[in-house]
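Numbering (this note's numbering), first residue to last: 31 to 491. Just so it is clear, CB atoms sit at the ideal spot from N, CA and C, and this is done for glycine as well.
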Amino acid sequence: MSQQIQGKTYALTPSQQTMHYMLKYSLHKQVMQIPMSVTVNAELDFDTLQKALNEEIRRNDSMRLRFIKEKGEIKQYFLPEVPSVQAPVLHFKTKEEQESHLSADAQKPVKFLKGEIFRVIFFRSYDGGTGIYINVCHLNMDAMAVFLFFSDFLNVYNALKDGTAMPAPLFSFADVLDKEFQYLANKERYEKDAAFYRDFFLKDGEPFYAGIHGMDLLEKERKKKKNPNIRVPSAFDPIHDKADMIHRHVDTETTQKILDFCAKNSISPACVIQLGLRTHASKINERNPDIYFMDLCSRRVTFKEKQTGGCLTQPLPMRSVIGEDKTFQEGIEQISGIRSQLYRHMNFPYMAARQMVRELYSYSMAASPSSMMFTWLPLEFKNDKNWEYDFSGYNLGRYIMPLYSFAVPNLKDGGMDFYYMYRTGTISAAQINALHDSTVKVISTGVQNPSVTVGELLDSI
31 MSQQIQGKTY ALTPSQQTMH YMLKYSLHKQ VMQIPMSVTV NAELDFDTLQ
81 KALNEEIRRN DSMRLRFIKE KGEIKQYFLP EVPSVQAPVL HFKTKEEQES
131 HLSADAQKPV KFLKGEIFRV IFFRSYDGGT GIYINVCHLN MDAMAVFLFF
181 SDFLNVYNAL KDGTAMPAPL FSFADVLDKE FQYLANKERY EKDAAFYRDF
231 FLKDGEPFYA GIHGMDLLEK ERKKKKNPNI RVPSAFDPIH DKADMIHRHV
281 DTETTQKILD FCAKNSISPA CVIQLGLRTH ASKINERNPD IYFMDLCSRR
331 VTFKEKQTGG CLTQPLPMRS VIGEDKTFQE GIEQISGIRS QLYRHMNFPY
381 MAARQMVREL YSYSMAASPS SMMFTWLPLE FKNDKNWEYD FSGYNLGRYI
431 MPLYSFAVPN LKDGGMDFYY MYRTGTISAA QINALHDSTV KVISTGVQNP
481 SVTVGELLDS I
């Protein structure tokens, strides 16, 4: 071990192992990073932003997490001292210039084994606002941790600028690491979660791969292997992994109707969106009622966890079999119930669950029943400045899964933004736009008429 490393070292947690898995089996190395930015409609002082950045690194220990490779195993440790970082400051004259520059950076790998954990850029936006861009290693942060970084960073900036008290301290990711390994050592709890997943994967029989691209991949494999009963094709392709991203906006009025329905029914917007997504997937896959995709769970339940950086997120196998006679309301309740079940066992390692499915159904390494991954990110920032915020996600350029989609509230106009990062060798832009249009139509129809049946929704798209 390198002599300059002081203090405790840790193995990767199950959440981090899941993120590293994407890199391990990718020929291209930009698949394990998160590039995001937030812009405020005010001219912030760049000198104070620089001071705030270094204060944030002190407050947020996930930004001081570093990695080494020892005997083929990646280990992590926290820097004992706070490094001084100077972020570049850029001025953009046009929207195209801004998007081009930040998108290019988003597709450059973060060299986490060479000490580069994140890249931060401050910029004056083309419309006069001030932007903060970060491209961070996924082992250090998940999306919710990035939002926490933005929120805490801006609050620190305000404290420094106004000469007021610092915001409440963040909680330590080091404590989370200890908790993660305590779970793995609790064999009774681990086996209980494993038993749940085994029953969950078996109770409805072999899953069905319902691709957003339709039946083409499945039909090709059925023909190749001369077996019309194959339900899960080889969708993993580390060679043809070029990815693009489509951003679609849902207007304020439609979004408010969705959120009102969710509040009235005490249900997460994630459940409503998932029903919309799965309805389209069912429609273009011979109206199959069995839809399986990954729900990326933040695993942040307590206040302490929500005020902690780091990577806690983990995919959960959101498999639902919903008949056409079910109403929209019943479908939502079914999805919510499944989601609640999965969340009670959310600490079980995704890689163990994935291996279990492979063994139960004799899948190859390239086969997976999941056709996409989705997450709802309840983004919100609070301060007393009454700023407007504009959030942006960026395309990685490469991705190992066919599709990753996430939805966030639009803090500027009260609408909702959907981002679709899709593998271009598998899915087309037209198919993504069809998915989005169908999803919004299903949701809009259902929240206004919850008694409409799934069959009627399928007929309408």
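Counting only residues of its own chain and dropping the five nearest sequence neighbours on each side, Thr309 has a CB closer than 6 Å to the CB of Val472 and Leu487. The beta carbon of Arg278 lies closer than 7 Å to those of Phe448 and His466 in the same chain, with the five residues before and after it left out.
Here the C-alpha atom of Asn90 lies approximately 45 Å from the C-alpha atom of Lys313. Listed in chain order, the beta strand (DSSP E) runs fully inside the segment 329-387 are 344-351, counting runs of at least 3 residues.
Exposure of Leu143 is indicated by the presence of fewer than 16 other C-beta atoms within 10 angstroms of its C-beta. By the Cβ rule, the segment 403-416 counts as touching the segment 432-441, because three or more pairs are nearer than 8 Å. Thr124 counts as exposed, since fewer than 16 other C-beta atoms from the protein chains shown sit within 10 angstroms of its C-beta. Bounds of the alpha helix (DSSP H) holding Thr475 are Ala459 to Gln478. Rounded to whole angstroms, the gap between the alpha carbons of Gly427 and Gln461 is 18 Å. Less than 9 Å separates the beta-carbon of Val387 from that of Phe231. Using a 10 angstroms sphere on the CB of Gly339, the tally of other CB atoms reaches 16 or more, which defines it as buried. The three-state reading of DSSP puts Thr48 in helix, counting H, G and I together.
For Phe108, the secondary structure class from DSSP, reduced to helix, strand or coil, is strand. Annotation note: the segment 249-312 contains the following uninterrupted beta strand (DSSP E) runs of length 3 or greater, listed N- to C-terminal: 273-280. The distance from the Cβ of Pro345 to that of Met403 is about 6 Å, consistent with a contact at the 8 Å cut-off. Per the DSSP secondary-structure output, Glu103 pairs in a beta bridge with Glu100. As DSSP reads the structure, Asp229 sits in no beta bridge. Within the segment 128-187, the complete beta strand (DSSP E) segments at least 3 residues long are 148-154 and 160-167, listed from N- to C-terminus.
Counting only runs of 4 or more residues that sit fully inside the segment 409-437, no alpha helix (DSSP H) segment turns up.
Distance from the CA of Met196 to the CA of Pro139, rounded to the nearest whole angstrom, comes to 33 Å. In this structure the segment 320-331 lies against the segment 230-246, because at least three pairs of beta carbons, one per stretch, are closer than 8 Å. In the DSSP assignment, the residues bridged to Ile64 are Val166.
Counted as a single uninterrupted DSSP element, the beta strand (DSSP E) harbouring Arg453 occupies residues Met446 to Arg453. Taking the Cα positions, Ala224 is about 25 Å away from Lys54. At the C-beta level, His168 and Arg453 stay beyond 9 Å of one another. Rounded to the nearest angstrom, the gap between the Cα atoms of Lys253 and Asp267 is 19 Å. Taking a cut-off of 8 Å on C-beta distances, the segment 159-166 touches the segment 64-76, as three or more cross pairs fall below it. Selection Leu372, Gly455, Val477 and Tyr450 evaluated against Ala464 yields Tyr450 as nearest (Cα-Cα).
Note that the C-beta distance between Asn170 and Ser114 is not below 9 Å. Straight-line spacing of the CA atoms in Glu210 and Met376 works out to 12 Å. The C-beta distance from Val166 to Phe148 rounds to 4 Å, short enough to meet the 8 Å contact threshold.
In this structure, DSSP gives Asp443 a state outside helix and strand, which the three-state scheme calls coil. The alpha-carbon separation between Met174 and Ser328 amounts to approximately 7 Å.
Contact between Lys442 and Tyr424 is absent: CB atoms are separated by about 18 Å, not below the 8 Å threshold. A Cβ-Cβ separation of about 14 Å leaves Val280 out of contact with Phe291 under the 8 Å criterion. When secondary structure is reduced to three states using DSSP, Phe203 falls in the helix class.
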